[in-house]
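So the structure is just underneath, and the comments pick up after that.
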Amino acid sequence: MEEKNKHIRYYILFDNHTQGMMLHELLDKQGLPNRIAPAPRDTDGKAACGMALLIHPDDIDAVRTCIEENHAEYVNIVPLENQLQKKRDRYC
Amino acid sequence: MADYVKMWENLGMDVKNHDNLCQVLPTAVGDVFMTQENRPKAMDFWDMVIAEVHGIRPAELIEEQKKGRKVFGTFCVYVPDEVIIAANGIVTGLCGGSQFWVPDGEKVLPKNVCPLVKASVGARLGRTCPFFRIADMYVGETTCDGKKKAYEILGKDVPMHIMDVPQMKREKDIIKWKEEITDFAKIVEEFTGNEITPEKLAEAIRICNEKRKALQRVYDCRKSKCLPISGRDALLMTQISFFDDPVRCAQMCNRLADELEQRIKDGVSVVPEGTKRILITGTPLAVPNWKLHNIIETSGAAVVCEEMCTGTRYFENLVDESGETLDEQFMNLSKRYMKTNCACFTPNTGRIDDILRMVDEYQVDGVIDCSLMFCCLYDTEKLAVSEALKAKNIPVLSLETDYTDKDAEQLRTRIGAFVEMLNQ
Chain A
151 MEEKNKHIRY YILFDNHTQG MMLHELLDKQ GLPNRIAPAP RDTDGKAACG MALLIHPDDI
211 DAVRTCIEEN HAEYVNIVPL ENQLQKKRDR YC
Chain B
-9 MADYVKMWEN LGMDVKNHDN LCQVLPTAVG DVFMTQENRP KAMDFWDMVI AEVHGIRPAE
51 LIEEQKKGRK VFGTFCVYVP DEVIIAANGI VTGLCGGSQF WVPDGEKVLP KNVCPLVKAS
111 VGARLGRTCP FFRIADMYVG ETTCDGKKKA YEILGKDVPM HIMDVPQMKR EKDIIKWKEE
171 ITDFAKIVEE FTGNEITPEK LAEAIRICNE KRKALQRVYD CRKSKCLPIS GRDALLMTQI
231 SFFDDPVRCA QMCNRLADEL EQRIKDGVSV VPEGTKRILI TGTPLAVPNW KLHNIIETSG
291 AAVVCEEMCT GTRYFENLVD ESGETLDEQF MNLSKRYMKT NCACFTPNTG RIDDILRMVD
351 EYQVDGVIDC SLMFCCLYDT EKLAVSEALK AKNIPVLSLE TDYTDKDAEQ LRTRIGAFVE
411 MLNQ
């Protein structure tokens, strides 16, 4: 399970960046690690370059609890495998 | 998801083709930036900007246009932003840094033109970049032959003004550049309908100087042996600074510098002690060109400085703020901009002096001199750069690349060997 977790990251998706930034600030205040990242296309069929919050598997339960307790707005939380590969050399 | 499709359609963009770019951006950003450990918290701002790179800032620019402000698109650090800002105009960088735009550029340009020029033309004619659609006027300059001819093509599609950059640095050339700035100010006044007064220009000079100081503060932190930020993150900051509002840019860079200075005090480094420090010099790395930095920093070294237009050439040297008349201010602008050491000048020994100084200041172990394919000017200067560095026993690796991924493995081999040699 731990080995599999190494390659999984959770992406929290939003309707707009205002919503995303609100949750980002909330998580920061609670000391929950998160990073702003472009939403991978695997999670979304629409033609928009939207932001997502990237969460490590170790932190996802605490993040879900925080969202629930604060009634924070978001669209979906999606686990994706092998999204991040530092030597893939696929640039744009 | 934030939905900017309507805005892109209103800009006349090819939304369907643009979607192909939107699809690859998250992968590149994820691989280059999100794989890093222990990034500065203040990078959140740039993470957000790049996540919505064709959304938030274009929407801001359109709102300002509705208020009557004009947007000027520029391609070179020689174009004085101060003049545009003094007329209540907005500056946005336009250099294309993606292979995605190259094929559309090649429809009208020869293949053996540098990828930056082809991508810039392709982004406009292919209608796949909002910044190229939004800009009311393009401001070109004569810093390379490829651009000069490209501007003739772009000028058929969008209002264009070309500034004639001198090719030498004699006293009469500084006066000539001052005259060129004076003429540009008249063009900007006519286009915006706003008069440029000494007071407005003084304020614009102050704004741009504050931005330069803030960028320099971040770079100063990179001089520390305890390296508080990766080269990739610093490059992203610099790339975005060409597009952002200058006041906000200075605020965000200062916020980042605050954190980096604290990291240095606390001994927080993004790389293990002893990691070899690389200075990159050469042609600009326009957003989203991150290939070279990513390969270097995933090959066991760290990039600590960029002696390039998307680096120190953008912010080193301040404009003298003591000018009281427009004539004095235009001269002060000319003097500052003419200190920028571009390979279009002959001779260009100032660039060699800069590289040697920065090797010392940034405690550099090795230099990578990289030019974009078909950039005759920077390619030719490699000999002088290499000779000067070798004379000082500073290891140097000369490279040439383009925007494709095809040479990534080859670059990994060469850069890996260079880093290994530095480690011996």
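Keeping their order, the protein sequence lines are chains A and B. Residue 186 in our numbering sits at position 36 of the first sequence, and the numbers go up by one each step. Residue 47 in our numbering sits at position 57 of the second sequence, and the numbers go up by one each step. For every residue, glycine included, the Cβ atom is placed at its ideal position computed from N, Cα and C.
#1: Quick check: what's the CA-CA separation for A:L204 versus B:I46?
#2: So what's A:N232 in DSSP terms, helix, strand or just coil?
#3: Do B:E249 and B:K31 count as a contact pair if the criterion is CB distance below 8 Å?
#4: Quick check on B:R160: does DSSP put it in helix, strand or coil?
#5: Can you tell me where the alpha helix (DSSP H) holding A:A106 begins and where it ends?
#6: Can you list the residues of chain B that A:Q235 reaches, using a CB-CB cut of under 9 Å?
#7: Across which residues does DSSP place B:H151 in a beta bridge pair?
#8: Name the residues in the region 199 to 213 of chain A whose C-beta lies less than 8 Å from a C-beta of chain B; which are they?
#9: Report the neighbours of B:V261 on chain A: residues whose CB is nearer than 8 Å to its CB, in chain order.
#10: Closest to B:S88 by C-alpha separation, out of B:N10, B:M411, B:C365, B:A247, would be which residue?
#11: Look at the alpha carbon of A:E254 and the alpha carbon of B:K281, and state the distance between them as a whole number of angstroms.
#12: Sort out for me which residues DSSP pairs A:Y160 with in a bridge.
#13: Please report how far the alpha carbon of B:I195 lies from the alpha carbon of B:E72, in whole angstroms.
#14: Tell me the DSSP secondary structure of B:T182 in three-state form.
#15: Can you tell me whether B:T300 is buried or exposed, with buried defined as 16 or more other CB within 10 angstroms of its CB?
#16: Can you tell me which of B:P236, B:D234, B:C211, B:K266 puts its alpha carbon nearest to the alpha carbon of B:I254?
#17: Taking C-beta to C-beta, are B:A192 and B:V208 nearer than 8 Å?
#18: Within the continuous beta strand (DSSP E) that includes B:F62, where are the two ends?
#19: For a contact meaning CB atoms closer than 8 Å, what does A:I186 contact in chain B?
#20: B:R59 to B:V258, Cα distance in whole Å?
Quick look at the numbers:
#1: 20 Å
#2: DSSP places A:N232 in coil when its eight states are reduced to three.
#3: yes
#4: coil
#5: Residue numbering for chain A in the displayed model covers 151 to 242; residue 106 of chain A lies beyond these limits and cannot be assessed.
#6: T17, G20, D21, T25
#7: B:V129
#8: C199, G200, M201, A202, L204
#9: Listed along the chain, the chain A residues whose CB falls inside 8 Å of the CB of B:V261 amount to none; the nearest CB is some 14 Å away.
#10: B:N10
#11: Coverage of chain A is limited to positions 151 through 242, which leaves residue 254 of chain A absent and any answer about it impossible.
#12: A:I205, A:P229
#13: 5 Å
#14: helix
#15: buried
#16: B:C211
#17: no
#18: 61 to 64
#19: D34, D37, M38, A41
#20: 44 Å
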